[in-house]
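Read through the structure below, which is laid out as structure tokens, and then see the notes.
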Ligand code: ADP
């Protein structure tokens, strides 16, 4: 039952109650004369009550319809519209409409504020995502392995180098506990220790060895605490950054350099002492016959040449590396040049009982190159082959021409000690020497590096090596032909 109907019913009931009271009064007073008047008054009261009730019910019905109209206007209000614009108040609903308008405006205002806040938050989210991607791109550009953990020792960022080192997929390690991604307990402990120390100024650095790709690697490890970004949190530790810098190569180079210094000084000292000794004997008149003197002179000359070669190797490499080398290109008949080198090396090979063979080339061709440099490269390869081949072995120089590619390939093959597979990639590096060979022959680790510089840096060719331990090696280089016209040797 609606409120209006309840009101009408209350009025009708009160009229009836009035009539009943009047009737009771008439009966009690016993005034029959007044009974007629009472009945009239009661009838009148009843009619008035009924009329008031009906009138009120009708008015309430209209009021309810008006309220429905108001609700309909409310429901169809356009964005930003007020009731005052579309709704004409009737039956005194102005106040109600105004109150609704005030509330609607307040709600709209709040809604507007919320929309603004949401947009602001969306912009912030996009901004922080862009910043995160930017930071990730910077991390990925770093060649050192980097892992960032949060206050719970869970990974929040890592880069490609770390993924390769610890063999995980970068996209799947987010929120992993550090020990799940980093299998090395010592590293995990370092990260946890810094986290537990909770000191943002703490930084620890140490050298750490790990096996990567089946080889031992040395890393310089840095573990640093990072502070919270929000200033109000103060200097609380937000996480830890773990950085691993591979120093294997640097250590090897440092070791090679110190080996080089001791080798070079030895290489310089040996011929110098020999020259000094023979000169002293000559001065002291110990070589009294012509033949002995000639022999001494030859030894002095040989040792001087050796000294000169060593110094030239060092100087040539540094000149090529610094780009100040003077290259004198000319047309060079490579087979002739190779033959010259064989003739020069023949005495050395014979002294070590090694057969030195020029398998040559039946073809005549030329390269456009610096003759002295190419000669030096061939001498270095032949010298090494003789040096690292035991007595009774064989060294063969061969050449082949690829007319189609316009290239000539020069190779020196020996039946010597060979090179371990893991050393092959480093043979042409400066100062590199195979450990097992150090006892076998003196050297500086510069000869092959010079060959590589001469062939690749200066002449745009390519060096290569293949070797089997205990069976021998083939060192080769290829160079572009001066022109593709290749003729038969006369
Ligand atoms: P080195 O003065 O030590 O000979 P190189 O640069 O000429 O320096 O050679 C580098 C290293 O390569 C050598 O120390 C040796 O270990 C290895 N090597 C070079 N040539 C040969 C070869 N023909 N057979 C085996 N090992 C070789």
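Numbering (my numbering), first residue to last: 152 to 641. Ideal Cβ placement from N, Cα and C applies to all residues, glycine included. Just so we're clear, the structure is a prediction, and the values are computed from it rather than from any experiment.
Does the Cβ of residue 429 lie closer than 8 Å to at least one heavy atom of the ligand ADP? In the chain shown, residue 429 corresponds to position 278, counting from 1. Incorrect: residue 429 has no Cβ contact closer than 8 Å to the ligand ADP.
The region 338-357 / the region 318-326 touching (three or more Cβ pairs under 8 Å): The region 338-357, when compared against the region 318-326, does not touch it at the 8 Å Cβ threshold.
Per DSSP, what kind of secondary structure is residue 276 in: helix, strand or coil? Translated into positions along the chain shown, residue 276 becomes position 125. Correct three-state label for residue 276: helix.
Using a Cβ distance threshold of 8 Å, determine whether the region 529-548 contacts the region 576-584, with at least three qualifying pairs required. No contact exists between the region 529-548 and the region 576-584.
If you draw a straight line from the alpha carbon of residue 237 to that of residue 274, how long is it in whole angstroms? Counted from its first residue, the chain shown places residue 237 at position 86. Counted from its first residue, the chain shown places residue 274 at position 123. Computed Cα separation, rounded: 37 Å.
For the ligand ADP, any of its heavy atoms closer than 8 Å to the Cβ of residue 444? Within the chain shown, the letter at position 293 stands for residue 444. Not so, every heavy atom of the ligand ADP lies at least 8 Å from the Cβ.
Taking the CB atoms as reference points, tell me whether residue 217 and residue 241 lie closer together than 9 Å. Here residue 217 refers to the residue found at position 66 when the chain shown is read from its first residue. Here residue 241 refers to the residue found at position 90 when the chain shown is read from its first residue. In contact: residue 217 and residue 241 (Cβ atoms closer than 9 Å).
Note down the Cα distance separating residue 223 from residue 261, rounded to an integer number of angstroms. Locating residue 223 in the chain shown gives position 72, counting from the first residue. Locating residue 261 in the chain shown gives position 110, counting from the first residue. For residue 223 and residue 261, the gap between their C-alpha atoms comes out near 23 Å.
Quick one: grab the DSSP three-state call for residue 636. The residue you call residue 636 lines up with position 485 of the chain shown. Only weak support exists for where residue 636 lies, its pLDDT of 49 falling under 50; the coordinates are left without a value.
Please confirm whether residue 354 and residue 375 have their CB atoms less than 9 Å apart. Residue mapping note: residue 354 aligns to position 203 of the chain shown, counting from 1. Residue mapping note: residue 375 aligns to position 224 of the chain shown, counting from 1. Yes, the pair counts as a contact, with Cβ atoms nearer than the cut-off.
Reference residue 461; option with closest CA among 418, 303, 476: Within the chain shown, the letter at position 310 stands for residue 461. Of 418, 303, 476, the smallest CA-CA separation from residue 461 is found for 418.
Endpoints, the beta strand (DSSP E) within which residue 558 is located: What you label residue 558 is simply residue 407 of the chain shown in a count that begins at 1. Start and end: 558-565.
Burial state of residue 573 (16 or more Cβ within 10 Å): Residue mapping note: residue 573 aligns to position 422 of the chain shown, counting from 1. Only exposed fits residue 573, as fewer than 16 other CB atoms lie within 10 angstroms of its CB.
Runs of 3 residues minimum, wholly inside the region 402-472: which ones carry the beta strand (DSSP E) assignment? You should have found no qualifying run.
Residue 538 burial status per 10 Å Cβ neighbour count (16 or more: buried): Along the chain shown, read from residue 1 onward, the residue named residue 538 stands at position 387. Buried.
Residue 519 and residue 561 - do their beta-carbons sit closer together than 9 Å? For the purposes of this step, residue 561 is taken as residue 410 along the chain shown, with counting starting at 1. For the purposes of this step, residue 519 is taken as residue 368 along the chain shown, with counting starting at 1. Between residue 561 and residue 519, the C-beta gap is not smaller than 9 Å, which leaves the two residues out of contact.
Could you give the first and the last residue of the continuous beta strand (DSSP E) run that contains residue 630? One-based indexing of the chain shown puts residue 630 at position 479. DSSP places residue 630 inside the beta strand (DSSP E), whose first and last residues are 623-631.
Residue 452 classed as buried or exposed, judged by whether at least 16 other C-beta atoms fall within 10 angstroms: The residue labelled residue 452 in the question sits at position 301 within the chain shown. By the neighbour-count rule (16 or more Cβ atoms within 10 Å), residue 452 is not buried but exposed.
Measuring alpha carbon to alpha carbon, tell me which of 411, 396, 310, 211 ends up nearest residue 285. Against the chain shown, residue 285 aligns to sequence position 134. Checked all of 411, 396, 310, 211; the closest Cα to residue 285 is 310.
Measure from the alpha carbon of residue 254 to the alpha carbon of each residue in 365, 557, 225, 491, then state which is nearest. For the purposes of this step, residue 254 is identified with residue 103 of the chain shown, where counting begins at 1. Checked all of 365, 557, 225, 491; the closest Cα to residue 254 is 225.
If distances are taken between C-alpha atoms only, which option among 496, 554, 515 comes closest to residue 528? As a working mapping, residue 528 is identified with position 377 in the chain shown. Nearest option by C-alpha distance: 496.
Reduced DSSP secondary structure (H/G/I, E/B, other) of residue 248: One-based indexing of the chain shown puts residue 248 at position 97. Three-state DSSP puts residue 248 in a helix.
Cβ separation of residue 632 and residue 563, assumed to be a contact under 8 Å, to the nearest whole Å: Indexing the chain shown from 1 puts residue 632 at position 481. Indexing the chain shown from 1 puts residue 563 at position 412. Contact flag wrong, Cβ pair sits at about 20 Å.
For residue 540, name the three-state secondary structure that DSSP assigns. As a working note, residue 540 is residue 389 in the chain shown. Residue 540 carries a coil assignment under DSSP once its states are collapsed to helix, strand and coil.
Please report the residue range of the alpha helix (DSSP H) in which residue 494 lies. Here residue 494 corresponds to residue number 343 of the chain shown, with the count starting at 1. Start and end: 485-502.
Is it true that the CB of residue 296 sits closer than 9 Å to the CB of residue 265? Here residue 265 is taken as the residue at index 114 of the chain shown, counted from 1. Here residue 296 is taken as the residue at index 145 of the chain shown, counted from 1. No; because the gap between Cβ atoms is not below 9 Å, this pair is not in contact.
Flag residue 526 as yes when its Cβ comes closer than 8 Å to any non-hydrogen atom of the ligand ADP, and as no otherwise. The residue given as residue 526 occupies position 375 in the chain shown. For the ligand ADP, no non-hydrogen atom lies closer than 8 Å to the CB of residue 526.
Identify whether residue 321 lies in helix, strand or coil by the three-state DSSP scheme. Position 170 of the chain shown, counting from 1, holds the residue named residue 321. In the three-state scheme derived from DSSP, where H, G and I count as helix and E and B as strand, residue 321 is classed as helix.
For residue 640 and residue 513, what's the separation of their Cα atoms in angstroms? On the chain shown, position 489 is the one that residue 640 refers to. On the chain shown, position 362 is the one that residue 513 refers to. Because residue 640 carries a pLDDT of 48, less than 50, the predicted location of this residue cannot be relied on, and the following value inherits that uncertainty. Cα to Cα, the separation comes out at about 6 Å.
In this structure, how does DSSP classify residue 555 when only helix, strand and coil are distinguished? By one-based count along the chain shown, residue 555 stands at place 404. Here residue 555 sits in coil by DSSP.
How long is the line joining the alpha carbons of residue 401 and residue 433, rounded to whole angstroms? In the chain shown, the residue the question calls residue 401 occupies position 250. In the chain shown, the residue the question calls residue 433 occupies position 282. Approximately 47 Å between the Cα atoms of the pair.
Return yes when the Cβ of residue 329 is within less than 9 Å of the Cβ of residue 304, no when it is not. In the chain shown, counting from the first residue as 1, residue 304 sits at position 153. In the chain shown, counting from the first residue as 1, residue 329 sits at position 178. Yes, the pair counts as a contact, with Cβ atoms nearer than the cut-off.
How many Å lie between residue 630 and residue 440 at the Cα? Within the chain shown, residue 630 is the residue found at index 479, counting from 1. Within the chain shown, residue 440 is the residue found at index 289, counting from 1. The straight-line gap from Cα to Cα measures roughly 50 Å.
Contact belief for residue 454 with residue 486 at Cβ below 8 Å, rounded distance in angstroms: Stepping through the chain shown from its first residue, residue 454 is reached at position 303. Stepping through the chain shown from its first residue, residue 486 is reached at position 335. Wrong, their Cβ atoms sit about 31 Å apart, outside the cutoff.
Under the assumption that residue 624 contacts residue 565 (Cβ atoms under 8 Å), give the Cβ distance between them as a whole number of angstroms. Reading the chain shown from its first residue, position 473 is the one you call residue 624. Reading the chain shown from its first residue, position 414 is the one you call residue 565. Yes, they are in contact, since the Cβ atoms of residue 624 and residue 565 sit about 6 Å apart, within 8 Å.
Residue 435 classed as buried or exposed, judged by whether at least 16 other C-beta atoms fall within 10 angstroms: Start at 1 with the first residue of the chain shown, and residue 435 comes out as number 284. So residue 435 counts as exposed.
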